[in-house]
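To start, the structure itself, in structure tokens.
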Amino acid sequence: MNHQTYHDPLAEVFDVEPIPVTTVTVSESNTFPIAEPAVSPEADRDFEYVRQNLYGLIEKGSDAVDKALDVATESQHPRAFEVAGNLIKNIADLTDKLVALQKTKAAIQVATGKSSSYTEVNVDKAVFIGSTAELLKALKKHDAQ
Amino acid sequence: MLNNERPSKKDIYLNNPKLKKVGVSVSITEEQLEEYVKCKNDPIYFIQNYVKIVTLDRGFVQIDLYPFQEQTIRDIQNNRFVVMKAGRQVGKTTTVVGYIVWYILFEEDKLIALLANKAKTSREILNRIKLAYESLPLWLQQGVSGWNKGDIELENKCRILADSTASSAARGYSINFLYLDEFAFVPNNVAEEFFTSVYPTISSGKTSKVLISSTPNGMNHFYRIWKEAEEEVNGFHTIEANWRQVPGRTEEWALEQKRVLGEQKFLQEMECVGQDTMITVRNKINGNIEKITIEELYSKIE
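Top line first, the protein sequences correspond to chains L and U. Quick note on the working numbering: the first sequence kicks off at 172 and runs consecutively. Quick note on the working numbering: the second sequence kicks off at 14 and runs consecutively.
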């Protein structure tokens with residue numbers, strides 16, 4: 172933290188002592204990295220937009236199915252049942268797409284190397300690195316000596 | 014390198030996050046190493062702290078060994094040939110499951126055969142072993158190279174086979190640890206054939222172990238093995254466990270069981286009393302106190 176006195180024209184006009192201005196110098200080592208988003212902001216926006224659209228379509232579709240079934244029941248017309256059946260199938264496909272969207276997002280994260288797959292291991296405190304079978308072998312050898 | 018809390022897909026066996034693949038490196042800290050050595054040297058410590066089982070009342074919980082179970086483990090550990098006569102539901106299989114999990118983790122190149130009167134029974138024991146193994150922390154586990162319904166194989170070349178005590182079962186294998194469960198319920202002829210074909214290959218080894226456990230079932234081959242073990246003829250160490258050794262089982266519980274099972278079944282299933290056990294009875298006709306075997310008593314009643 173530095174205290175610097177700057178040339179202040181108002182102080183001159185009113186004939187007072189200029190107020191020292193405090194400035195903070197931020198060194199490189201004190202900065203904290205900002206976590207990068209897992210995927211680009213555009214991709215995130217698109218993902219959210221598609222998700223909302225799918226939600227809307229599924230809900231509207233469900234209403235439409237109810238109405239189509241009412242029409243079919245009232246009219247007892249085979250074509251009306253066929254339409255209702257197709258509508259149900261389309262809604263089912265949309266719900267599948269919603270689930271597939273999550274998979275797509277996960278795949279993008281893995282592909283861009285930004286997935287949080289928890290593979291980092293702290294080895295600072297490790298006294299042995301290797302497979303458990305190797306550890307057992309080493310201990311048995313140690314016991315035999 | 015394996016992350017113990019959240020293993021990545023490449024480190025786990027066939028998409029099972031509870032099992033580690035062969036050859037996966039782990040980073041062992043000093044505390045973990047101390048724990049590993051403690052477990053390796055003391056099966057009781059390992060079982061008490063790491064082995065979980067499914068219980069009827071409390072679900073999937075850590076084993077809390079009863080004193081007689083601890084003694085049983087010590088006896089299995091210190092003797093090559095052990096025969097165990099135990100009552101129903103005293104925790105004999107649980108004890109053996111714990112010991113086998115320890116054995117496959119801290120031994121190398123061993124083949125364990127679990128044989129029971131039915132293949133289904135032995136597979137049930139293997140299932141319990143698998144369940145207990147899956148609950149172990151990954152840094153303590155050996156990598157898994159085979160995980161099937163009837164057999165498992167680990168990175169340290171320890172294998173477990175589960176089958177029935179049919180004459181051909183386990184023939185041709187060099188078994189390091191043979192566990193025969195409910196042996197008294199294997200038909201006499203099957204047991205004889207089994208011993209003729211398999212037993213020589215086990216007893217010829219210098220370190221191989223045999224553990225026979227059962228609830229008594231009349232005067233058959235199991236009875237003979239038990240009798241010879243008591244007379245120190247066949248080299249088997251004997252372990253006996255009945256309902257009294259299970260904490261929480263009271264005389265009221267015994268009375269209830271007697272009501273359900275009947276006196277004779279209760280004596281056999283819970284008290285582990287065999288037909289040759291001497292009991293004291295009072296003769297109603299002449300008032301004499303006599304010592305006779307249960308077999309004699311039942312023949313008189315009938």
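Backbone N, C-alpha and C define an ideal beta-carbon position, used for all residues, glycine too.
Check, Outcome
"Taking contact to mean 3 or more Cβ pairs, one atom from each stretch, closer than 8 angstroms, check whether the segment 80 to 91 of chain U and the segment 128 to 144 of chain U are in contact.", "no"
"Looking only at its chain, what residues have a beta carbon closer than 6 angstroms to the beta carbon of U:VAL35, apart from the 5 residues adjacent to it on each side?", "GLY156, SER158, GLU168"
"Could you give the DSSP three-state label for U:SER40: helix, strand or coil?", "strand"
"Enumerate, from N- to C-terminal direction, the unbroken alpha helix (DSSP H) stretches of 4 or more residues contained entirely within the segment 202 to 272 of chain U.", "234 to 243"
"Only counting runs of 4 or more residues, tell me where the alpha helix (DSSP H) segments fall wholly within the segment 42 to 95 of chain U, in order along the chain.", "43 to 54, 56 to 63, 80 to 91"
"Report the option in U:GLN84, U:PHE190, U:VAL114 whose CA atom is closest to the CA atom of U:THR251.", "U:GLN84"
"My output table needs one value for L:LEU265: the three-state DSSP class, helix, strand or coil.", "helix"
"Spatial neighbours of U:ALA7 within its chain, please: CB distance less than 8 angstroms, with the 5 preceding and 5 following residues excluded, ordered by chain position.", "Outside the shown range of chain U (14 to 315) lies residue 7 of chain U, about which nothing can therefore be said."
"Taking the C-alpha atoms as reference points, what is the distance between L:GLN140 and U:ILE165?", "Any property of residue 140 of chain L remains undetermined from this structure, which presents chain L solely from 172 to 316."
"Quick one, are the C-beta atoms of U:SER221 and U:ILE173 less than 8 angstroms apart?", "no"
"Taking U:ALA99 as the reference, which of U:CYS52, U:GLY163, U:LEU224 has the closest Cα?", "U:LEU224"
"Based on the DSSP secondary-structure assignment, which residues constitute the bridge partners of L:ALA297?", "U:THR42"
"Reducing DSSP to helix, strand and coil, say where L:VAL270 ends up.", "helix"
"My guess is that U:LEU153 and U:TYR49 are in contact by the Cβ rule of under 8 angstroms, so how many angstroms apart are they, rounded?", "7 angstroms"
"Does the beta carbon of U:GLN154 fall short of 7 angstroms from some heavy atom of the ligand COA?", "This structure lacks the ligand COA, and indeed carries no ligand of any kind."
"What's the gap between the Cα of U:LEU5 and the Cα of L:ALA271?", "Outside the shown range of chain U (14 to 315) lies residue 5 of chain U, about which nothing can therefore be said."
"For a test of the three-state rule: what should DSSP assign to U:GLY111, helix, strand or coil?", "helix"
"Could you check what DSSP says for U:PRO30 in three-state terms: helix, strand or coil?", "strand"
"Taking C-beta pairs closer than 7 angstroms, name the residues in chain L that U:LEU46 reaches, listed in chain order.", "VAL298, PHE299"
"Would you identify the three-state DSSP class for U:LEU127, choosing helix, strand or coil?", "strand"
"So that I know if they touch, is there some Cβ in chain L lying closer than 8 angstroms to that of U:THR42?", "yes"
"On the criterion of 16 or more Cβ atoms from any shown chain inside 10 Å, does U:HIS234 qualify as buried, or is it exposed?", "buried"
"Taking 8 angstroms as the CB-CB limit, is U:TYR49 close to chain L?", "yes"
"So, with DSSP's three-state summary, where would you put L:LEU306?", "helix"
"Check each candidate in L:THR303, L:LEU307, L:VAL254, L:VAL298 and name the one with the smallest Cα separation from U:GLY42.", "Reading off the sequence, residue 42 of chain U comes out as Thr, not Gly. Measuring from the Cα of U:THR42, the nearest candidate turns out to be L:VAL298."
"Using 8 angstroms for Cβ pairs, my map puts U:LYS105 next to U:TYR116. What's the rounded Cβ distance?", "Between U:TYR116 and U:LYS105 the Cβ distance is about 16 angstroms, and since that is not below 8 angstroms, they are no contact."
"Mapping the DSSP letters down to three states, classify L:SER233 as helix, strand or coil.", "helix"
"Given a cut-off of 8 angstroms, decide if L:SER302 and U:VAL37 are closer than it, judged by their beta-carbon atoms.", "yes"
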